[in-house]
Each structure stands twice: as structure tokens, then as C-alpha cells.
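Sequential numbering of the sequence shown, starting at 1, is according to UniProt numbering. Don't be surprised by glycine CBs; every beta carbon is placed ideally from N, CA and C. These figures come from a predicted structure and were not determined experimentally.
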Amino acid sequence: MDLSKEWYRSEFVNQEMLEQHRVIETEYTFYDAIANGNIEYVQDNCINQTFTNPDGMGKLSDDKLQNIRYHFVVTTAMITRYCVHAGMEQEQAYSLSDFYILKMDKCRTIDQISRLHDTMCLDFCSRMNELKRRQILSKPIVLCLNYIYSHIHYRITIKELAEYLSLSESYLSKLFLKEMGIPLSHYITDLKIEKAKNLLRYSDYSIVEIANYFSFASQSHFIQVFQKKTGITPYKYRIMYFRTNWEAPKKS
Numbered sequence: 001m002d003l004s005k006e007w008y009r010s011e012f013v014n015q016e017m018l019e020q021h022r023v024i025e026t027e028y029t030f031y032d033a034i035a036n037g038n039i040e041y042v043q044d045n046c047i048n049q050t051f052t053n054p055d056g057m058g059k060l061s062d063d064k065l066q067n068i069r070y071h072f073v074v075t076t077a078m079i080t081r082y083c084v085h086a087g088m089e090q091e092q093a094y095s096l097s098d099f100y101i102l103k104m105d106k107c108r109t110i111d112q113i114s115r116l117h118d119t120m121c122l123d124f125c126s127r128m129n130e131l132k133r134r135q136i137l138s139k140p141i142v143l144c145l146n147y148i149y150s151h152i153h154y155r156i157t158i159k160e161l162a163e164y165l166s167l168s169e170s171y172l173s174k175l176f177l178k179e180m181g182i183p184l185s186h187y188i189t190d191l192k193i194e195k196a197k198n199l200l201r202y203s204d205y206s207i208v209e210i211a212n213y214f215s216f217a218s219q220s221h222f223i224q225v226f227q228k229k230t231g232i233t234p235y236k237y238r239i240m241y242f243r244t245n246w247e248a249p250k251k252s
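As C-alpha cells, this is what we get:
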């Protein structure tokens with residue numbers, strides 16, 4: 001199939017219409033910001049709606065919605081490779097990429113895809129930010145974080161973690177606070193609440209099932225802790241956010 005004549009004509013038309021793509025360094029800077037965990041820069045980019053700005057956006061389809069879909073896939077692929085190069089575990093990066101592309105495939109409007117794009121970028125960026133932080137953490141704290149993540153649906157105690165790391169409880173508590181800037185028990189609770197929020201938004205599990213899954217003492221205890229951390233009850237949170245469109249957090 002010889003498409004050379006069609007290509008030359010297309011190139012001529014684009015030049016006559018002064019259609020130019022965005023400066024490539026701008027895109028590289030954005031990908032670098034995500035790979036380096038620069039959350040503030042990425043948030044600014046999302047707030048400015050750079051992704052859907054038509055100036056310099058390549059035309060991959062005559063259909064505007066399909067055009068955004070293609071750009072989403074390209075952006076996700078680039079971010080994935082930048083993050084792998086910067087140290088993200090390859091399988092995790094590609095699984096995350098597949099997840100967001102499949103989510104995008106279910107979007108029906110440009111606005112939905114735009115918001116999902118912002119969520120995807122901030123998700124990758126946050127993971128890279130955490131990865132960069134762990135690279136400067138001591139080995140005991142890295143092992144501690146890994147243990148917490150793997151056992152988050154159990155009741156985790158400082159005594160249990162100290163025994164796992166062969167450290168005293170007081171030393172581990174002081175070391176965790178020094179390196180993470182938050183008490184160990186608070187970190188565990190915060191992570192449980194964050195994961196509970198995801199289940200409230202995207203699953204059909206009941207509140208009591210979620211409370212049991214994360215090993216809270218009781219449903220009432222879960223509700224009390226959840227409300228203290230978020231300002232609303234799990235029931236109200238689900239009513240507000242259950243299966244709503246993906247949205248990037250707003251810059252405070």
C-alpha cells in the first residue's frame with residue numbers, strides 16, 4: 001500500500017493551515033515531573049486542563065471523542081515507560097496502564113476522559129513520589145511499609161511489627177516517626193481508611209463487610225474512625241461518591 005502521495009498532501013495542508021504540534025520539550029517535562037513524583041507540577045497541569053487544550057493537539061481522528069481516546073492511550077503509554085525507567089516495578093506499571101486504559105474505554109464523554117486522565121497522572125505521580133521517598137528510607141522502615149501494605153486487612157500492632165523486624169517497640173516507633181513524619185499507628189489507620197474509601201466508592205461490599213475486612217473492632221468503631229478522618233460517615237461517603245466519575249483531587 002503506497003500512501004506517500006496522501007502523506008505529502010496531508011503535510012502540505014497542515015503547513016498551509018499553520019497547524020503545529022506542541023513543543024516536544026513541554027511533553028517531556030510533564031512526563032519527567034510524573035516520573036520524579038513532582039505532585040505540585042502535575043496538579044497545576046491538570047488544573048490548567050492542558051490535556052484537552054486544542055492548541056497543538058495532534059489530530060489522530062476526525063471524531064473529537066475518538067481523538068481524545070487515542071491521546072489518552074499515547075499519554076498513558078509514555079508515562080508508563082517513563083516511570084519504569086525511573087524505577088517503578090515493570091509489572092506494576094503495565095498493570096496500572098492496562099487498568100486506566102480499560103477504564104477510559106468505558107468513558108462516554110471528553111469530560112469523563114479528561115478527569116480520568118488527571119486521576120491517572122496523579123496516581124502514577126503519587127506512586128513515584130512514594131517510591132522516591134522509600135529510596136531514602138532506612139531498610140527497617142521499607143520492610144515495615146511493605147509488611148503493612150501486605151497485611152493491611154489484618155489487625156496490625158506495633159508489637160507485631162517490632163517482632164517482625166527484630167527491633168524494640170520504642171525504637172521502631174521513634175524511627176518511623178523520624179523518617180515518615182507520622183506515628184506508626186496513625187499511618188496504619190490512615191491506610192486502612194484510604195482503602196476503605198475505595199471499597200465504598202467502587203464495590204458493593206456493605207459497611208459491616210468493609211469494617212470486618214480491615215479488622216476494625218466493630219462496625220461502630222470503623223464508623224467512628226472513618227468520620228474522624230474524613231468528616232463524614234461511611235454511609236454518607238458512599239452516597240456522595242459511589243461509582244461517580246473519576247476526579248483528580250483539587251489543589252488546596
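Item, Value
"Just mark residue 38 as buried or exposed, buried being the case when its beta carbon has 16 or more other beta carbons within 10 Å.", "buried"
"In the DSSP assignment, the alpha helix (DSSP H) including residue 211 goes from what residue to what residue?", "207-213"
"Pairing CB atoms from the stretch 98-105 with CB atoms from the stretch 115-126, are three or more of them under 8 Å?", "yes"
"The alpha helix (DSSP H) with residue 154 in it runs from where to where?", "Per DSSP, residue 154 belongs to no alpha helix (DSSP H) and is neither H nor E."
"What does the alpha-carbon distance come out to for the pair residue 31 and residue 76?", "10 Å"
"Whole angstroms is fine: what's the gap from residue 160's alpha carbon to residue 154's?", "11 Å"
"Give every residue of the same chain whose Cβ lies closer than 7 Å to the Cβ of residue 84, excluding the five residues on either side of it in the sequence, and list them in chain order.", "90, 93"
"Return yes when the Cβ of residue 34 is within less than 8 Å of the Cβ of residue 79, no when it is not.", "yes"
"Whole angstroms is fine: what's the gap from residue 209's alpha carbon to residue 107's?", "29 Å"
"With DSSP run on the structure shown, which of helix, strand or coil describes residue 175?", "helix"
"The alpha helix (DSSP H) that contains residue 130, what's its start and end?", "110-135"
"Just verifying my parser: in three-state terms, what is the DSSP assignment at residue 203?", "coil"
"Please state whether the Cβ-Cβ distance between residue 204 and residue 229 is less than 8 Å.", "no"
"Within this structure, are the beta carbons of residue 152 and residue 195 separated by less than 8 Å?", "yes"
"Quick one: what's got a C-beta closer than 7 Å to residue 169's C-beta in the same chain, skipping five residues either side?", "158, 159, 162"
"What distance in whole Å lies between the Cβ atoms of residue 141 and residue 148, which are believed to be in contact at a cut-off of 8 Å?", "No, residue 148 and residue 141 are not in contact; Cβ-Cβ is about 10 Å, not under 8 Å."
"Thinking C-alpha only, which one of 70, 69, 61, 74 is nearest residue 27?", "74"
"Using beta-carbon positions only, say whether residue 117 and residue 176 come within less than 8 Å of one another.", "no"
"Would you mind giving the Cβ-Cβ distance between residue 232 and residue 219, rounded to the nearest angstrom? I have them listed as a contact below 8 Å.", "No, residue 232 and residue 219 are not in contact; Cβ-Cβ is about 16 Å, not under 8 Å."
"Within the continuous alpha helix (DSSP H) that includes residue 232, where are the two ends?", "Careful: residue 232 lies outside any alpha helix (DSSP H) and carries neither H nor E."
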